[in-house]
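Protein chains in written order, with this note's numbering: chain A, 72 to 452; chain B, 23 to 145.
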């Protein structure tokens, strides 16, 4: 696969970004320091380029019904402007991808997929929507996505010149009230210097913030305006390395680590995302109703002492180190907490918080304790 | 940053400063930048016998784990406690305060000079 580049690649290079291959895209892994970027998001704000993510649009009278059949949740129940986290399941109930679905109009939905799965999600939705009065458009190449995340995100967006609300005041006088009042998992159509964009109050960092969907041709202008307005607030451009430690601290699953085709949502603690109460069939319903076996491994949070982190694929053992009971899916030294944290699939007999166990960290079995997830929770303002 | 002229280098992105029969070893600027913020360093104890190309320590960043290879056969005469206490020295001063170990050796293997190392990392 050839390397795909974001419309913001030149801005990142100018800001000193180091790039990494991510799902066939060349994306910034860090600009200066992962730790500084992570801290900026927790204490002020960070700006992320997420243009690699997939955007698939469904339009039609039966778009909601098609999604109700295609994904695990009841998307037809969303009001325009509402968003929901949901799962695309296979017939065996395993996870093809995790998605955020925004209802952007009466007959219109925006589905945001992981970059690595954008093609398969578009194909799967197209196939599953074929019996419904709806059209499916893969807009991934025509949509840029910029996230501003952190406790100062709202102030930064409001300090940025040029925003307006669709159908609102052309000078943007109503923007502070509209964006200040926009609740978590809600979205609002707007304008940036007379070009359309979508303001969404969503994110993947455990902080308040916005995700801004726009056309690639003015993504750079938008990015630069946000950086200019945000720098006095402590805004830093942040890369994929910080994004990964932020989402891990917030206990958010990552496809390919905590989620995959062989994992049922209930094992990942996402049983609530599968709506067995909704009318009609949906792909994965029968398998979801049956659920995983009583001895199926479950996702838990683990905390360790010291500074040595367990990482993906390391084996988990009992406290005495004799019996293998699971495997780590993500792990890092938590920049905010200062100790190692990990997510792991374990034999359910060991799932209770407080349970002591060990992880084989490159030949040494280090003690870890099962702990509640999320590891980090922001203080509500 | 160009590799300093006074050092020798390995293909594992380590530098070696030879002074008599003692070699000071660290990782290069290129290596620290690729790792990202270093948060943990595990070094061999003083007196440990090491063999060239064997793994003798670890350098962990938030994202990944780098291995420290012994560039030469010999015995560890000092490990840098300052780096164990403040792993970020590896990022901020890789060729200076961020040095890792000192090894007493009897024979020096073939190592890269600065120009050859710069060529290796510019590919």
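All C-beta atoms in this analysis are idealised placements derived from N, C-alpha and C, irrespective of residue type, glycine included.
Do residue j and residue i come within 8 Å of each other at the CB atom, strictly closer than that value?
i: residue 341(A); j: residue 277(A); result: no
i: residue 260(A); j: residue 269(A); result: yes
i: residue 108(A); j: residue 307(A); result: yes
i: residue 128(A); j: residue 199(A); result: no
i: residue 326(A); j: residue 168(A); result: yes
i: residue 88(B); j: residue 55(B); result: no
i: residue 256(A); j: residue 150(A); result: no
i: residue 74(A); j: residue 87(A); result: no
i: residue 434(A); j: residue 309(A); result: no
i: residue 375(A); j: residue 437(A); result: yes
i: residue 336(A); j: residue 166(A); result: yes
i: residue 120(A); j: residue 83(A); result: yes
i: residue 380(A); j: residue 402(A); result: yes
i: residue 280(A); j: residue 220(A); result: yes
i: residue 95(B); j: residue 60(B); result: no
i: residue 115(A); j: residue 223(A); result: yes
i: residue 141(A); j: residue 159(A); result: yes
i: residue 227(A); j: residue 301(A); result: yes
i: residue 291(A); j: residue 79(A); result: yes
i: residue 481(A); j: residue 419(A); result: Because chain A in this structure spans residues 72 to 452, residue 481(A) falls outside the shown range and cannot be described.
i: residue 338(A); j: residue 363(A); result: yes
i: residue 311(A); j: residue 112(A); result: no
i: residue 207(A); j: residue 225(A); result: no
i: residue 235(A); j: residue 211(A); result: no
Where does residue i sit, in a helix, a strand or coil, going by DSSP?
i: residue 444(A); result: coil
i: residue 334(A); result: coil
i: residue 349(A); result: coil
i: residue 297(A); result: helix
i: residue 116(A); result: strand
i: residue 419(A); result: helix
i: residue 139(B); result: helix
i: residue 30(B); result: strand
i: residue 127(B); result: coil
i: residue 304(A); result: helix
i: residue 255(A); result: coil
i: residue 361(A); result: helix
i: residue 203(A); result: coil
i: residue 326(A); result: strand
i: residue 124(A); result: coil
i: residue 247(A); result: helix
i: residue 425(A); result: coil
i: residue 391(A); result: coil
i: residue 191(A); result: helix
i: residue 89(B); result: strand
i: residue 99(A); result: strand
i: residue 231(A); result: coil
i: residue 237(A); result: coil
i: residue 316(A); result: helix
i: residue 168(A); result: strand
Using a Cβ-Cβ cut-off of 6 Å (strictly less than) and excluding sequence neighbours within five positions of residue i, which residues of its own chain qualify?
i: residue 30(B); result: 38 and 133
i: residue 239(A); result: 245
i: residue 184(A); result: 125, 168, 170 and 192
My guess is that residue i and residue j are in contact by the Cβ rule of under 8 Å, so how many angstroms apart are they, rounded?
i: residue 71(A); j: residue 186(A); result: Since the first and last residues shown for chain A are 72 and 452, residue 71(A) lies out of range.
i: residue 136(A); j: residue 147(A); result: 6 Å
i: residue 322(A); j: residue 445(A); result: 3 Å
i: residue 50(B); j: residue 35(B); result: 5 Å
i: residue 147(B); j: residue 91(B); result: For chain B, the structure presents residues 23 to 145; residue 147(B) sits outside this window and is missing.
i: residue 258(A); j: residue 173(A); result: 5 Å
i: residue 125(B); j: residue 44(B); result: 7 Å
i: residue 353(A); j: residue 143(A); result: 7 Å
i: residue 359(A); j: residue 345(A); result: 5 Å
i: residue 328(A); j: residue 442(A); result: About 18 Å separates the two Cβ atoms, so there is no contact after all.
i: residue 102(B); j: residue 130(B); result: About 21 Å; that fails the 8 Å criterion.
i: residue 407(A); j: residue 425(A); result: The pair is not a contact, with the Cβ atoms about 22 Å apart (cut-off 8 Å).
Skipping 5 residues on each side, what residues in its chain have a beta carbon closer than 7 Å to that of residue i?
i: residue 349(A); result: 139 and 145
i: residue 293(A); result: 217, 263, 283 and 285
i: residue 127(B); result: 43, 45, 94, 95 and 96
i: residue 202(A); result: none
i: residue 69(B); result: 97 and 98
i: residue 432(A); result: 379, 381 and 385
To which residues of the same chain is residue i closer than 8 Å at the C-beta, ignoring the five residues directly before and after it?
i: residue 26(B); result: 37, 117 and 136
i: residue 33(B); result: 134 and 142
i: residue 377(A); result: 410, 411 and 437
* To do: Spell out a yes or no on whether the region 130-145 of chain B and the region 81-92 of chain B are touching, meaning 3 or more CB-CB pairs, one atom from each, closer than 8 Å.
  => As far as the Cβ criterion goes, the region 130-145 of chain B does not touch the region 81-92 of chain B, which means the pair count is below three.
* Asked: Looking at C-beta atoms only, is the number of pairs between the region 102-115 of chain B and the region 63-79 of chain B that lie closer than 8 Å three or more?
  -> yes
* To do: Evaluate the contact criterion for the region 360-371 of chain A versus the region 284-293 of chain A: three or more CB pairs, one atom per stretch, below 8 Å.
  => The region 284-293 of chain A and the region 360-371 of chain A do not touch, with fewer than three beta-carbon pairs separated by less than 8 Å.
* **Touch test, the region 400-417 of chain A against the region 380-388 of chain A, Cβ-Cβ under 8 Å, three pairs minimum** => yes
* With 7 Å as the C-beta to C-beta threshold (strictly closer), list the residues of the region 309-327 of chain A near chain E in chain order. => Protein chains in the displayed structure are A and B, and chain E is not among them.
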